[in-house]
Amino acid sequence: MSSEKTNSSRRDFLVKSMTLIPAVVVGGSSVGALGMVENAVAAESKPHSAPDQGEWTPRFFNSDEWAFVKAAVARLIPADERGPGALEAGVPEFIDRQMNTPYATGSIWYMQGPFNPDVPKEMGYQLPLVPKQIYNLGIVEANDWCRQQYGKPFAELDAAKQDAALSQFESGTASFKQLPASLFFSYLLQNTREGFFSDPIHGGNKGMVGWTLINFPGARADFMDWVERGERYPFPPVSINGERA
Numbered sequence: 005m006s007s008e009k010t011n012s013s014r015r016d017f018l019v020k021s022m023t024l025i026p027a028v029v030v031g032g033s034s035v036g037a038l039g040m041v042e043n044a045v046a047a048e049s050k051p052h053s054a055p056d057q058g059e060w061t062p063r064f065f066n067s068d069e070w071a072f073v074k075a076a077v078a079r080l081i082p083a084d085e086r087g088p089g090a091l092e093a094g095v096p097e098f099i100d101r102q103m104n105t106p107y108a109t110g111s112i113w114y115m116q117g118p119f120n121p122d123v124p125k126e127m128g129y130q131l132p133l134v135p136k137q138i139y140n141l142g143i144v145e146a147n148d149w150c151r152q153q154y155g156k157p158f159a160e161l162d163a164a165k166q167d168a169a170l171s172q173f174e175s176g177t178a179s180f181k182q183l184p185a186s187l188f189f190s191y192l193l194q195n196t197r198e199g200f201f202s203d204p205i206h207g208g209n210k211g212m213v214g215w216t217l218i219n220f221p222g223a224r225a226d227f228m229d230w231v232e233r234g235e236r237y238p239f240p241p242v243s244i245n246g247e248r249a
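In my numbering, the protein residues as written are 5 to 249.
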């Protein structure tokens, strides 16, 4: 599959899956939600550019980790003709900021043993690692695996090899020593999605490009009358601090 087709299918999946979420949560009707998905894909707005706010200086990640994060999110949500991707939307900044929150240290989790990683996933999280440790260990393991397979760390690979590596991380076929590759990938993907669709006050979704992509109104006070119409919302999104796209 060509890189162009891969990017297109990845973006199509992103639009369809993420458009469904706000509609269900706000409207409470699966019928209306599915209608909004179809209309959003069929009548997308013109590409919206993320504002250039300068390079973020990471506060948690070191230079090697930062290079990995930027390269990985750029492949998970790539820029294309519909608009900026995760890199341009500031997702690396979002993830770096998250690593200095209670979420990253696991202080809001139940982290007492025993830990049994062999039980079914339905039994909940079963490792003693908190998110910041998952990133620190996972990036080292990912780069070591890429060096063994391709002779270079992840950030120095071409796009096709990066996609192949991410696919093996996701499936768990890549062998990591200190944690499951699929676990690391799941946190990377989830945080990338969060950064792309979060309110801009958290560092990602710059210019509200994620909200513009799925036609989400953001923090507007009232848009309930549009939820069940099956029509494209006609106004641009607004952030919590009043910024408009």
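Beta carbons are placed, not taken as given, at the ideal position from N, Cα and C, and that holds for glycine.
Under DSSP, the beta-bridge partners assigned to residue 242 are 222 and 248. Taking 8 Å as the cut-off, the Cβ atoms of residue 136 and residue 108 count as close.
Of all alpha-carbon atoms in 206, 241 and 130, the one lying nearest the alpha-carbon of residue 183 is that of 130. The way I'd put it, the region 199–215 doesn't touch the region 164–183; fewer than three beta-carbon pairs between them come closer than 8 Å.
In this structure residue 211 is not in contact with residue 242, their Cβ atoms being roughly 12 Å apart against a cut-off of 8 Å. Here the alpha carbons of residue 102 and residue 112 stand approximately 13 Å from one another. Here residue 138 is near residue 191, since their CB atoms are less than 8 Å apart.
By the neighbour-count criterion, in which 16 or more other beta carbons inside 10 Å mark a residue as buried, residue 216 falls on the buried side. In summary, residue 59 is exposed, with fewer than 16 beta-carbon neighbours lying within 10 Å of its beta-carbon over all protein chains present.
For the pair residue 95 and residue 208, the CB atoms are nearer than the 8 Å cut-off. Looking only at 99, 179 and 249, the smallest Cα-Cα distance to residue 240 is reached by 249.
Under DSSP, residue 87 takes part in a beta bridge, and its partners are 84. Membership of residue 190 in the alpha helix (DSSP H) is indicated by the continuous run 185–201. Considered as a whole, the region 110–163 harbours 135–154 as its complete alpha helix (DSSP H) runs of no fewer than 4 residues, in chain order.
Taking all protein chains shown into account, residue 196 has 16 or more neighbouring C-beta atoms within 10 Å of its C-beta and is therefore buried. The C-alpha of residue 233 lies about 17 Å from the C-alpha of residue 224. For residue 100, the enclosing alpha helix (DSSP H) has its first and last residue at 95–102. Within the same chain, and ignoring the five residues on either side of residue 206 in sequence, the residues whose Cβ sits closer than 6 Å to its Cβ are 98. If you draw a straight line from the Cα of residue 189 to the Cα of residue 86, it comes to about 25 Å. Here the C-alpha atom of residue 163 lies approximately 22 Å from the C-alpha atom of residue 180. In chain order, 93, 200 and 201 place their CB closer than 7 Å to the CB of residue 214, counting only its own chain and leaving out the 5 sequence neighbours on each side.
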